[in-house]
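Top to bottom, those sequences are chains U and F.
Numbering of the first sequence is given in this note's numbering, commencing with residue 8 and proceeding in unit increments.
Numbering of the second sequence is given in this note's numbering, commencing with residue 209 and proceeding in unit increments.
Have a look at the structure below before the remarks.
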Amino acid sequence: GDSVTQMEGPVTLSEEACLTINCTYTATGYPSLFWYVQYPGEGLQLLLKATKADDKGSNKGFEATYRKETTSFHLEKGSVQVSDSAVYFCALPDNAGGTSYGKLTFGQGTILTVHP
Amino acid sequence: IAGITQAPTSQILAAGRRMTLRCTQDMRHNAMYWYRQDLGLGLRLIHYSNTAGTTGKGEVPDGYSVSRANTDDFPLTLASAVPSQTSVYFCASSVTVNTEAFFGQGTRLTVV
């Protein structure tokens, strides 16, 4: 079945450092791809998405490009802030195009801690 | 603000007791889901519902049941709670296939 492999964490950075969190996937067809963020004590929020190959999703300074050739969707930010400290999840809809109505398969999550 | 409401936000429950976690959405989404989140295991799907009146089993359905009597509500019931069901439970919804899901704030359940 479809799967997501996410960079093992945790990741600790200083403020203004560059961030990359790797995500690769295995899927039938070309599903949409998502990054979710979970701040401490909260639910998951959609951070960004890409719906087709070569699309770039972006939000809050974060970017990720849908790479069909490498089946990857790496999350990047050029300068992280303390407020970016959270858990980040890569995800894709399972069996997209079938009858599963988009239930998501998640990566394991990457804990990001940013120090001042 | 439109979205998903879960209740209660937290609960301590004695083993063997019955418990229903409530989930309501006002976005008129067709599909709804229940996930549990455990440290080191990420999110795992418990049950899902494609439309009102239908439900399906996810990755870890044992010990849980759901119903979908209408579009807005998707309660999750633990018939006889066990300590291994201690977890954070998230309800989510999506418009249709291949679209993003929206999540509630979660219910932290401790079974003792």
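We put the CB at the ideal spot given by N, CA and C, even for glycine.
(message) Distance check for F/R225 and U/T112, CA to CA, integer angstroms please.
(response) 31 Å
(message) Any beta carbon of chain U sitting closer than 7 Å to that of F/A260?
(response) Any Cβ of chain U closer than 7 Å to the Cβ of F/A260 would place that residue at the interface, and such an atom is absent.
(message) At the 7 Å Cβ level, is U/Q115 part of the contact set with chain F, yes or no?
(response) yes
(message) Which same chain residues end up closer than 6 Å to U/T19 when comparing Cβ atoms and leaving out the 5 residues on each side of it in sequence?
(response) T120
(message) Counting only C-beta atoms, is U/F41 closer than 7 Å to chain F at any point?
(response) Judged by the 7 Å Cβ criterion, U/F41 is in contact with chain F.
(message) Tell me the residue span of the beta strand (DSSP E) that contains U/S92.
(response) Segment: none, U/S92 is in no beta strand (DSSP E) and carries neither H nor E.
(message) Which residue marks the beginning of the beta strand (DSSP E) containing U/D61, and which one marks its end?
(response) Per DSSP, U/D61 is not a residue of any beta strand (DSSP E), being assigned neither H nor E.
(request) Using beta-carbon positions only, say whether F/A239 and F/S302 come within less than 7 Å of one another. (result) yes
(request) Report yes or no: is there a C-beta of chain U within less than 7 Å of the C-beta of F/Q298? (result) For the record, residue 298 of chain F in the displayed sequence is Phe; it is not Gln. Cβ-Cβ to chain U under 7 Å: yes for F/F298.
(request) Could you tell me how far apart the beta carbons of U/G116 and F/G250 are, in whole angstroms, since I believe they sit closer than 8 Å? (result) 5 Å between Cβ atoms; contact.
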